[in-house]
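Reviewing the structure listed below.
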Amino acid sequence: LKGEVASKHHGDTAAATTSSSLSTARVTRLCQVSDSKHFDIPHPTRDDVLFNPHLKKVPIGNGDEDYVVLMLGHNGEGVPNVEATIELRHLALESPISCDVVSNHRTEVFLGPLTHVVSIDMDVNGRRYAWNLPNWALPSWSVAGRQSHVIQCAMSTKDVLIPVPHVVGKDLQQWIESGAISVLKIYNVQSRTIRQRADRPSFVCVGPGSSLLFKPSSVGEFEVVVKPINATYRIHVGESQVAGFVKAAPSTLLKADPTAPVVVRNLHIVDHQLKIFGVNTTPNTRAQVILRRFVSHEPVTNVLNEGMHDENADLRRFDVDTPTSEYFESKRIGDEYAYILERRAFAVQHPSSKLHQGNRLTLPSLLLNPFKVKETSGSTLADAKQGEEYGKSRGDDRSMPKKSKRMGDRQRSSTRGGHSTSSPVPPNTLFLEAPSCILSNIRLNSLGEVTVALPSTLTGSYDVVVSLVDGQDIDSRQQSVVFHPRPGAPAWAMPLKSTALSRDAALGVDKDVHSIQVRGHRCIASSDATTLPCGPDSKLEVYD
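Residue numbers for the sequence shown follow my numbering, so the first one is 844 and each next one is one higher.
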């Protein structure tokens, strides 16, 4: 705050600070006092919303699972009565199934088992979210087989194991019987390609886990067509195999491809014991276990496959950037502005605050969010030198992780029919008391089995993602589980972390320490009642 005393009759100008007395100026002088301060008050979140939808899988018994969408605020509080539009992309339909939904009083939107539904798109107040449902991702061996167009093996090969998405494992036998899975033999006649359906049904059968077994009975080229998932696998069967090569003709040798990729056959979870059953494992096979609360926008298989089949990729290095949460960063408010907000919010306790705010800033409008205050230019606050939130706001988006071009291309790629599944930056989950758990590099025994002891402190619902990695072959399977279920609590219940701070932590004990304010919100209907906490440090603001 600086003051200037300018005289109409004299050209001299005197500068005075607030501590100086202006009473010595003559009456003929015009006193001009200016107060200039600019504050940058950005929104607390990058996506400018008060809540976000979170997709969860919950077990319902007999190995079945349902999907539910939870509307949760930035502090984990539920938001009921939220209207949204959902589009479900079914495996057998070209156009999505669209419907309007509203979250109930427990902030839930039940979607059911979603059998043969590949992806979900949700529109909430103009914001679009998308999930590719788990267990639909093709194993890495299947992806490589489809990219190289042909799998080369010999007649001596007992059978060729073809992994398929785990979600359709129960339907394979029915698809074989109905003709949805067929084997075609390819004939090349005078530069023409003729495909003829194989008469013998024993060419293909159901394999272990979610896989098909192709049994070669003659030399030639074949195609295994899985119509429901729009997948075709081309197999070239040679006469014999010599030193890693397949003899396809008297003078032609083809490099033999692996025909027994690693597959997750089954998962059993009892109490805190996870038993993994694998197929075609080797001494080099390792199991990776991830326990997380919500269904991710990006399948785990896609992250593990990143760079695996790129000839120029560095297989030893993988960069994983976690999006930062601007919401929790924005809880740091300068002492000066926090004081103004507090006095205005509790004008009943401070009647004079309506007239004497302590600063000539424009009065803030209705606040439903915590805000952070940053200076823009020209400020030299001595007490703000140690405050990390005082500084020019950076123009780049700190909440957007830096991803490679291939990662971005994959997010923009379509799942079916050119439909984009790109999503905004995933919302923060820092309100979770125990958000995730990772167990890596687990060895399997000679039978391809291992029992993993999970931490006994796990409580609530989790999605267990198990990946078997053997060289460049990766297969993942996901299953939901509830640890220590509470009577009367929903299946998706999970412990939340209290984001409230003590008085000393919130207001600070040092004069130069900036305060930290936590402002949560709860939305209730006009006909409902709620219980508000009341304590010596409780501060509540109620808005209509």
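Ideal placement from N, C-alpha and C gives every residue a C-beta, glycine not left out. Predicted model only: the values in this text are computed from it and were never measured.
Asked, Found
"Excluding the 5 residues flanking Lys-1228 on each side, which residues of the same chain have their C-beta closer than 7 angstroms to its C-beta?", "Confidence is the limiting factor: at Lys-1228 the pLDDT is only 37, short of 50, which leaves the residue's position unreliable, though a coordinate-based value still follows. So the list is empty, once near-sequence residues are dropped."
"Output the boundary residues of the alpha helix (DSSP H) element that contains Gln-1017.", "1015 to 1021"
"Exposed or buried, which one is Tyr-1030 when buried takes at least 16 other CB atoms within 10 Å?", "exposed"
"With DSSP as the reference, label Ile-1367 as helix, strand or coil.", "coil"
"Of the residues Ser-1299, Val-1308 and Ala-927, which one's Cα is nearest the Cα of Ala-1281?", "A small fix is needed here, since residue 1281 is Ile in this sequence, not Ala. Measuring from the Cα of Ile-1281, the nearest candidate turns out to be Val-1308."
"Using the rule of at least 16 other Cβ atoms within 10 Å of the residue's Cβ for burial, across every protein chain shown, is Thr-958 buried or exposed?", "exposed"
"Please list, in chain order, all residues of the same chain as Arg-1259 whose beta carbon is under 7 angstroms from its beta carbon, the five residues on each side excluded.", "With a pLDDT of 39 at Arg-1259, under the threshold of 50, the predicted position of this residue should be treated as unreliable, though the coordinate-derived value follows. For Arg-1259, where only same-chain residues beyond five positions count, the Cβ hits under 7 angstroms are Arg-932 and Val-961."
"Answer yes or no: do Asp-1014 and Gly-955 have a C-beta to C-beta separation smaller than 7 angstroms?", "no"
"Would you grab the beta carbon distance between Arg-1388 and Val-993 for me? Rounded to a whole angstrom, and I think it's under 8 angstroms.", "Because the chain here runs from 844 to 1387, residue 1388 falls outside it and cannot be looked at."
"When DSSP labels each residue in this structure, what does Arg-1129 get in the three-state scheme?", "strand"
"Could you give the distance in angstroms between the alpha-carbon of Pro-1278 and the alpha-carbon of Met-1337?", "9 angstroms"
"Helix, strand or coil, according to DSSP, for Ser-864 in the structure here?", "Unreliable positioning characterises Ser-864 in this predicted model, as indicated by a pLDDT of 46, which lies under 50. The coordinate reading is nonetheless provided below. The answer is coil: DSSP assigns Ser-864 none of H, G, I, E or B."
"Kindly indicate which three-state DSSP category Ser-1220 falls into: helix, strand or coil?", "Note that Ser-1220 scores 40 on pLDDT, short of 50, meaning its location in the model is unreliable and no value can be drawn from it."
"What does the alpha-carbon distance come out to for the pair Ile-1367 and Ile-1005?", "52 angstroms"
"Give me the DSSP bridge partner(s) of Arg-932.", "Ser-962"
"Given Ser-1369, which residues of its chain have a CB within under 6 angstroms of its CB, disregarding the five upstream and five downstream residues?", "none"
"Taking the straight line between their C-alpha atoms, what separation do you get for Leu-1275 and Ser-1341?", "9 angstroms"
"Under 6 angstroms Cβ to Cβ from Val-1163, same chain only, skipping five residues before and after it: list those, please.", "With a pLDDT of only 45 at Val-1163, under the threshold of 50, the placement of this residue in the model should not be trusted, and no figure is reported."
"Using the Cα positions of Pro-1207 and Val-1385, report the straight-line distance between them to the nearest angstrom.", "Low per-residue confidence applies at Pro-1207: pLDDT is 47, beneath 50, and the placement is therefore not dependable enough to give any value."
"Can Leu-976 be considered in contact with the ligand FMN, in the sense that its beta carbon sits closer than 6 angstroms to one or more heavy atoms?", "Ligands in the displayed structure: none, and consequently the ligand FMN is not present."
"Between the C-alpha atoms of Thr-1300 and Asn-1288, what's the straight-line distance to the nearest angstrom?", "27 angstroms"
"In whole angstroms, what is the alpha-carbon distance linking Tyr-1170 and His-917?", "Since pLDDT at Tyr-1170 reaches only 47, below the 50 mark, its modelled position is unreliable, and no value is offered."
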